[in-house]
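Participant:
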Amino acid sequence: EPEVTQTPSHQVTQMGQEVILRCVPISNHLYFYWYRQILGQKVEFLVSFYNNEISEKSEIFDDQFSVERPDGSNFTLKIRSTKLEDSAMYFCASSEKTTGELFFGEGSRLTVL
Amino acid sequence: AQRVTQPEKLLSVFKGAPVELKCNYSYSGSPELFWYVQYSRQRLQLLLRHISRESIKGFTADLNKGETSFHLKKPFAQEEDSAMYYCALSGYNNNDMRFGAGTRLTVKP
Chain C
1 EPEVTQTPSH
11 QVTQMGQEVI
21 LRCVPISNHL
31 YFYWYRQILG
41 QKVEFLVSFY
51 NNEISEKSEI
61 FDDQFSVERP
71 DGSNFTLKIR
81 STKLEDSAMY
91 FCASSEKTTG
101 ELFFGEGSRL
111 TVL
Chain F
1 AQRVTQPEKL
11 LSVFKGAPVE
21 LKCNYSYSGS
31 PELFWYVQYS
41 RQRLQLLLRH
51 ISRESIKGFT
61 ADLNKGETSF
71 HLKKPFAQEE
81 DSAMYYCALS
91 GYNNNDMRFG
101 AGTRLTVKP
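In the order they appear, the protein sequences are chains C and F.
Under our numbering, the first residue of the first sequence carries the number 1, and numbering increases by one thereafter.
Under our numbering, the first residue of the second sequence carries the number 1, and numbering increases by one thereafter.
1. Which residues in chain C sit within 9 Å of F:S101, going by Cβ to Cβ distance?
2. Identify the residues that DSSP records as bridge partners of F:A101: which are they?
3. Determine contact between the stretch 63 to 77 of chain F and the stretch 13 to 30 of chain F, defined as no fewer than three beta-carbon pairs at a distance below 8 Å.
4. Compute the Euclidean distance between the alpha carbons of F:S52 and F:C87, then round it to the nearest angstrom.
5. Report the three-state DSSP secondary structure of C:E56 (helix, strand or coil).
6. Can you tell me the Cβ-Cβ gap for C:W34 and C:V12, rounded? I've got them flagged as a contact below 8 Å.
7. Just the C-alpha distance for C:Q6 and F:R104, rounded to the nearest angstrom, thanks.
8. By the three-class DSSP mapping on this structure, what secondary structure does C:E115 have?
9. At 7 Å on the CB atoms, spell out the chain C contacts of F:Y86, in chain order.
10. Let's test the definition: count the other Cβ atoms within 10 Å of the Cβ of C:Q41 and tell me whether it reaches 16, buried, or not, exposed.
11. On the three-pair Cβ rule with 8 Å, is the stretch 19 to 26 of chain C touching the stretch 68 to 78 of chain C?
12. Tell me whether F:L33, by its Cβ, gets closer than 8 Å to a heavy atom of the ligand SAH.
13. Which bits of chain C does F:R43 rub up against, with CB to CB less than 9 Å?
14. Are the beta-carbon atoms of C:F91 and F:L44 separated by less than 9 Å?
15. Looking at the unbroken beta strand (DSSP E) that takes in F:M84, where does it start and where does it end?
16. Just tell me which of C:H29, C:M15, C:G16 and C:S48 has its CA closest to the CA of C:V4.
17. Is the shortest distance between the beta-carbon of C:S27 and the beta-carbons of chain F less than 9 Å?
18. Taking its Cβ as the centre, do 16 or more other Cβ atoms sit within 10 Å of F:Y39, making it buried, or is it exposed?
What follows is the structure, given as structure tokens:
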């Protein structure tokens, strides 16, 4: 069964460094999403992406964040100049259509020291 | 703005007992409501959605627009139902699905 895959599973970085989290959505899906979950808190929407552009973003998704689909398979989340409060689990998801089920990856745990 | 509230962080029941996980929402338009589940060491996955009106693993959820609720129910809980349950809401185009804080259900033997 096709799955969303995310790399790395865990990344530790120093405050101020740039981080790129990678996701490979399910191949026939057209809609892509990033969510994050700070330890002990809710799953928060960051951004959705369709047709090579951002379709929605939350108030969390400021200039520090960017997303890209550099090729036909990867979907990346870049966090510039990481802060301690960026430490969280980041989930990628994809869906086949705009009203369809979201399929989630296993998450990338980011620890900022 | 859309908002999802799950008032219970933790819920514990005995095997065979009925279970109800509460979810309330606020949204100005026509919402689509979902329940997602995360079992231990597994990824977040869809349990059910209101438009399909089906029962999955014995769970049902009815959208009550008057009370703006979408509570998840199961008449007889099983130990394997122990998991984290998230209620989620999206607008018409699903581009910004929002999740509640989640309820951790523990079913004791």
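The beta-carbon is built from N, C-alpha and C at its ideal position, and this holds for glycine as well.
None of these values were measured; they are calculated from a predicted model.
Facilitator: In this structure, then:
1. Sequence check: residue 101 of chain F is Ala here, not Ser. Chain C residues near F:A101: Q41, K42 and V43.
2. The partner list for F:A101 (beta bridge, DSSP) is empty, contrary to what the question assumes.
3. By the Cβ criterion, the stretch 63 to 77 of chain F is in contact with the stretch 13 to 30 of chain F, since at least three pairs of Cβ atoms, one from each stretch, lie closer than 8 Å.
4. 15 Å
5. strand
6. Contact doesn't hold; Cβ gap of about 20 Å is too wide.
7. Cα to Cα, the separation comes out at about 25 Å.
8. With chain C represented from 1 up to 113, any question about residue 115 of chain C goes unanswered, as that position is not in the structure.
9. Within chain C, the C-beta atoms nearer than 7 Å to that of F:Y86 come from V43, in chain order.
10. The residue is exposed, with fewer than 16 neighbouring Cβ atoms inside 10 Å.
11. yes
12. The model on display carries no ligand, and the ligand SAH is accordingly not part of it.
13. The contact set of F:R43 on chain C, defined by CB atoms closer than 9 Å, consists of E3, V4, F91, F103, F104, G105, E106 and G107 in chain order.
14. Yes, Cβ-Cβ distance for C:F91 and F:L44 is below 9 Å.
15. A83 to S90
16. C:H29
17. no
18. exposed
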